[in-house]
Amino acid sequence: MVLVDACRSGGKPGELYELPGEAVETPPLTGINMHAFRFDHAIAFGRWLLKERYPKKVTVFLIEAAQFEPGAPLSEAVATAMEELAHLLLQRYSDDSLPTEDCVEFTGKGYLVIPKHLAERHFPGDSLVALMRDSRLFLLPIRNQASGGLLMKHRNSRGDRSVFIDEVTRGREIKGKFKAVWQEADAALVVETNV
Numbered sequence: 442m443v444l445v446d447a448c449r450s451g452g453k454p455g456e457l458y459e460l461p462g463e464a465v466e467t468p469p470l471t472g473i474n475m476h477a478f479r480f481d482h483a484i485a486f487g488r489w490l491l492k493e494r495y496p497k498k499v500t501v502f503l504i505e506a507a508q509f510e511p512g513a514p515l516s517e518a519v520a521t522a523m524e525e526l527a528h529l530l531l532q533r534y535s536d537d538s539l540p541t542e543d544c545v546e547f548t549g550k551g552y553l554v555i556p557k558h559l560a561e562r563h564f565p566g567d568s569l570v571a572l573m574r575d576s577r578l579f580l581l582p583i584r585n586q587a588s589g590g591l592l593m594k595h596r597n598s599r600g601d602r603s604v605f606i607d608e609v610t611r612g613r614e615i616k617g618k619f620k621a622v623w624q625e626a627d628a629a630l631v632v633e634t635n636v
């Protein structure tokens, strides 16, 4: 996991710092508020919330800010540092094996195949609730299989998941690959089937 934040350490504006997450001293959870939420708060909150699912490797990148006044524009030095950091992150962490567009596949036999990267990102409990609204399929994650829902099964050695979806699609003839988009407002992965 990578965290990027602005900082005020007394350095030169635009200066870039890289810290291993385990070296960051985390503040106590008491006293954290959304008006002063920093990277160290995010790490402390993440450790508390995710427990054993907390990422094994966390890297923090900090950019020395020129100013923190609300609504103030970025200084040229900070904007340049942000661009440089974006290029660095793409070089270091890009994975050419990941698809550029997120798609799911309807098999035509009642199953929906969800690629491994989408399943791990949005459905860590391997369980979901599915519902159709017009031609859109909404896939909502469930924390764990004990809570019910449709169970996702490992389909192949790549780690893709499949879920029997025929009851939800109500016998519609849907086959092939379709774009899947995470919609934060619905807390769901949404698939436009056009059917």
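Using the numbering used here, the letters of the sequence shown map in sequence onto residues 442 to 636. The C-beta atom is built at its ideal place from N, Cα and C for all residues, glycine as well. These numbers were taken from a predicted model, which means no experiment stands behind them.
Under the three-state reduction of DSSP output, Ile-484 falls in the helix class. Burial state of Ala-629 is buried, judged by a 10 Å Cβ sphere holding 16 or more other Cβ atoms. When Cβ pairs closer than 8 angstroms are counted between the two stretches, the segment 520 to 537 is seen not to touch the segment 473 to 489, the count staying below three. In the DSSP assignment, Asp-446 falls within the beta strand (DSSP E) that extends over 443 to 448. Within the same chain, and ignoring the five residues on either side of Gly-590 in sequence, the residues whose Cβ sits closer than 7 angstroms to its Cβ are Ser-568, Leu-569, Val-570, Ile-583. DSSP, reduced to helix, strand and coil, places Lys-557 within a helical segment of the structure shown. Setting aside the 5 residues that flank it on each side, Val-631 is surrounded in the same chain by Arg-577, Leu-578, Phe-579, Leu-580, Ala-621, Val-622, Trp-623, Gln-624, each with a C-beta closer than 8 angstroms to its C-beta; the list follows chain order. Short of 6 angstroms from the beta carbon of Arg-613, and not among the five residues preceding or following it, lie these beta carbons of its own chain, in chain order: Val-636.
Residues Met-442, Gly-462 of the same chain have their beta carbon placed closer than 6 angstroms to that of Val-499, with the five preceding and five following residues left out of the count. Cβ neighbours of Ile-606 within its own chain (closer than 8 angstroms, five residues either side excluded): Phe-547, Gly-551, Tyr-552, Leu-553, Ala-571, Leu-578, Leu-591. In the three-state DSSP reduction, Met-475 falls in the helix class (H, G or I). Here Ile-504 is not near Ala-464, since their CB atoms are 7 angstroms or more apart. Gly-617 sits in a strand when the DSSP states are folded into three classes. Residue pairing by DSSP places Arg-596 in no beta bridge whatsoever. Contact check for Arg-602 against Ile-555 passes: the beta carbons are separated by less than 7 angstroms.
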